[in-house]
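Residue numbers (my numbering): 28 to 1084.
What follows is one structure encoded as structure tokens, with my remarks underneath.
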């Protein structure tokens, strides 16, 4: 133990003057990881090439010290920073924590080696004590010069030269050099190749998520290996033919269905909104976009840009806009009493976290409440990233197919034909009725008399309407403001609302004074395709899409409240059961009552407000509208008109042209105007109700598929972003500007989503290529080169093959041009991938986690691949691609226990057996089989799934309704084709043995051994014998079903070998 230095004495003197308890809360935590000499369990290799700061020292400081002496300035103790070279060497008043080459003068060494319990670091109560080897490592590092390097993942990957290996003949491509180099230095050898059928099955499962058929397996085994034998021993492997198989699978449409699933885990995809209500949403077109993009081998940089900012691309296509659904997969809280703006903030924090995990491999959520305690990401950095994503409106877009567009055009033409011919239908509809307006001479059934009857009725209709019709003139707004929504004054006095809405929204409008008095105003609620469900409301959150709730309408004239005497509307309906709604309830001074149009969205609606006294000409008029009741429910598009009629007016729903023409005498109507008025009369006539309804149905908007998207706001309507104290929504502080973390700062900073997306996949970002390469590696080998695939920061595990990861990251960009298919091809054509999964005992001893890959990994199939393989094996799997989600059979009571007790209406026909990626995903009640086998719920971004093994999984494979159903289908087929019932001797026939072998191969791919065939035949025979000497058809069926289940439950069927 070194003697106390002068500055140690100064420290003791200083600490003795502090109050009790102060030191324990301020102590500096200096600490180290366990240093393992020789071969470490995390796959890192210690060699005698000096101490590496990146490999040996930073993991120590990061894991044990940075929480108190790291990037977070607010949590930093003793004003000492150890995560930077400047901080380590900072002059602390004649001494420093680290003095290069002089451990005896370094405060760090003094504190970790002192025997004084009050000064010792780490503190005794931290449970992070150092042993002698750890102290020695830190001392030697300082004595060797205290070298410092940037964290490895923050350095741009460079092209790597291939390491030297003794057995270069083993290497099939560059990957193998890096793997073999590590194995040879560790005293290990790679394993033999996997057996031919095992390798073919592995490749099918990995690339398309399905096993091969026996015929496919035979074809490729015979093509690739010569001479043929099941073990592959003494066979010649044809790498060119093997690559043909790889290319065949990469070109399969099933490739996109298989590889879309892990991406959808990252995208937190689901078909419901989440939280308590968890209502259904339509976003499946985004899922189909991912599948199509992967099948088309869209380069990953373009794949990224379209999902982050596809709507901002020049001349963006509908497909590129659909891609922005990536960040619309956030959950949506529709619980009563919530603030939609608060949960929009929570959605934004989710988007930042998901972006960090998916592209940066950083745990950005740590910086939501305070600066990151380990990685150099400040809280301001976090909210600057949020600002990059925060300027988009969250909309829905309809996706009319070409067939739907053609059908709509045909319906329009047909409706116009029927409308033009509608007046000619009049005689037929009234020929048996007595026209009270005509005498007996006008009851003739000839065409001229019938036409006269139509004219008389038409004339009477117009005459009856004129007294109630008044002239309306448009009130032209001069200003339109609100508490939150953006109100834009458009042509002809129309006001359009965009942007965010709150639980209560207030609109304030001022109008140009009119040159005549006003006795009433008319509010037109106007539909618009820019609004949810076509409007006229902007409700998109909890209520009915496109509805609104006008709680109060108030009028002021020259700053004084003006009384409104009465109000009426053309239509009113309330979502909330029997609670009444009307325009009259919007002037009762009660914000809990009002006017809504539930069920009649995408239509024009009118309300009229009559004044208690006329407003004199030339006065300044202001209108205040209050929206909201149980949820945000503002009006999206509207216009005000005024009249000087001087009497009480009832609302009517004639559009302005029709109303104007009704007021004109015949001689002032053009023939076209008169014809349109006649059609309007016929459409409203009870005598032509059925014909009119047919026309309305043809003109009704078609129900089209829709999906959720981003749409960037214009530059003059940007949304502000603030830093939130402690991450709390209710504690906004200073405004922040869009930007990336200072760690990555360079001259051309991204200022919007599009530029940010470009930066994510640029050479200026060292992380994305590494994160992508590491994640893809993990999908094939069960574990990433960095095991923490979601964290490549300072708290992540060190890479087992750092130079290989850099090589893969560099080649992904510069050789594969971001092609994921090329990257997958590179992996599966390596010799490393082709190894057997049989455990090497020496490797198990030296490398227990198989981080060096001395043999191939073996792991259970993902839930979706497992289910699809079962369906495929029994011949039930549907190859239909795309479209709305389906509901396969599952146990009863799964969804029924959630809010609203929604029924799980099982799909019919082949939709019962679609690939698992098309299964409806309900967040609060995930599909039972998937949940049992560890599939995520879609509530958060998942970069790696856990793999559990439990009894419920075995029970699911035996009793799940889908498994039982398809097993019975296969059993019925086998029972009908083997004819055991009428011919008991068939049990030993070649046909039955062939049927068992075929079943075995459909499930396990390889050929069974003679012993396995004997066991399976014996099992079937014993099952039948237990039923008596002459088993009936049902007993034979059950025996086959038992055999199928037994094979499906084998380890070989459940695992990727």
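Just so you know, even glycine gets a beta-carbon here, dropped at the ideal spot from N, CA and C.
Source: prediction; values computed, not measured.
Apart from sequence neighbours up to five positions away, the residues of its chain that approach residue 854 with a beta-carbon distance below 8 Å are 202, 803, 804, 807, 860, ordered along the chain. For residue 534, the uninterrupted beta strand (DSSP E) run begins and ends at 532-538, by DSSP. The beta carbon of residue 742 sits closer than 6 Å to none of the beta carbons in its chain outside the five residues before and after it. DSSP places residue 1049 inside the alpha helix (DSSP H), whose first and last residues are 1037-1052. Residue environment: residue 645 is assigned as exposed (fewer than 16 neighbouring CB atoms within 10 Å of its CB, all protein chains considered).
Inclusion of residue 948 and residue 298 in the CB contact set at 8 Å is warranted, their separation being smaller than that value. For residue 523, the CB contacts under 6 Å within the same chain, skipping 5 residues up- and downstream, are 515, 517, 664 in chain order. Taking C-alpha positions only, residue 1035 is separated from residue 236 by approximately 23 Å. CA-CA distance, residue 484 to residue 679, rounds to 20 Å. The C-beta of residue 858 has 16 or more other C-beta atoms within 10 Å across all chains shown, which makes the residue buried. Residue 1058 sits away from residue 1047, with the two beta carbons spaced by 8 Å or more. For the pair residue 559 and residue 580, the CB atoms are not nearer than the 8 Å cut-off. Relative to residue 819, the option among 401, 220, 283, 316 whose CA is nearest is 401. For residue 677, the number of other beta carbons within 10 angstroms of its own is below 16, and it is reported as exposed. Secondary structure of residue 154 (DSSP, three-state): coil.
In the assembly as shown, residue 1042 is an exposed residue. Its beta-carbon has fewer than 16 other beta-carbons within 10 Å. The DSSP-derived three-state label of residue 164 is helix.
Around the CB of residue 766, 16 or more other CB atoms lie within 10 Å, so the residue is classed as buried.
When secondary structure is reduced to three states using DSSP, residue 969 falls in the coil class, being assigned neither helix nor strand. Comparing alpha carbon positions, the residue from 801, 520, 887, 323 closest to residue 959 is 887. By the neighbour-count definition (other C-beta atoms within 10 Å, threshold 16), residue 187 is a buried residue.
Counting other Cβ atoms within 10 Å of its Cβ, residue 137 reaches 16 or more and is therefore classed as buried. Two segments are said to touch when three or more pairs of C-beta atoms, one from each, lie closer than 8 Å; by this definition the segment 306-326 touches the segment 842-849. Comparing alpha-carbon positions, the option among 649, 970, 223, 725 lying closest to residue 444 turns out to be 725. When the beta-carbon positions are compared, residue 994 and residue 1071 come within less than 8 Å of each other.
Per DSSP, the unbroken beta strand (DSSP E) holding residue 513 starts and ends at 513-516.
By the Cβ test, the segment 529-543 is in contact with the segment 498-511, since at least three Cβ pairs between them sit closer than 8 Å.
Annotated as proximal: residue 570 and residue 602, with beta-carbon spacing under 8 Å. The straight-line gap separating the alpha-carbon atoms of residue 856 and residue 289 is approximately 22 Å. DSSP, reduced to helix, strand and coil, places residue 136 within a helical segment of the structure shown. Residue state for residue 1021 is assigned as helix, using DSSP reduced to three classes.
The beta carbon of residue 107 lies closer than 8 Å to those of 55, 96, 114, 117, 119, 124 in the same chain, with the five residues before and after it left out. Fully enclosed beta strand (DSSP E) runs of no fewer than 3 residues occupy 733-739, 748-751 of the segment 695-755, in order along the chain.
Just measuring C-alpha positions, the residue of 264, 662, 318 sitting nearest residue 621 is 662. Here the alpha carbons of residue 296 and residue 687 stand approximately 52 Å from one another. For residue 284, the uninterrupted alpha helix (DSSP H) run begins and ends at 280-293, by DSSP.
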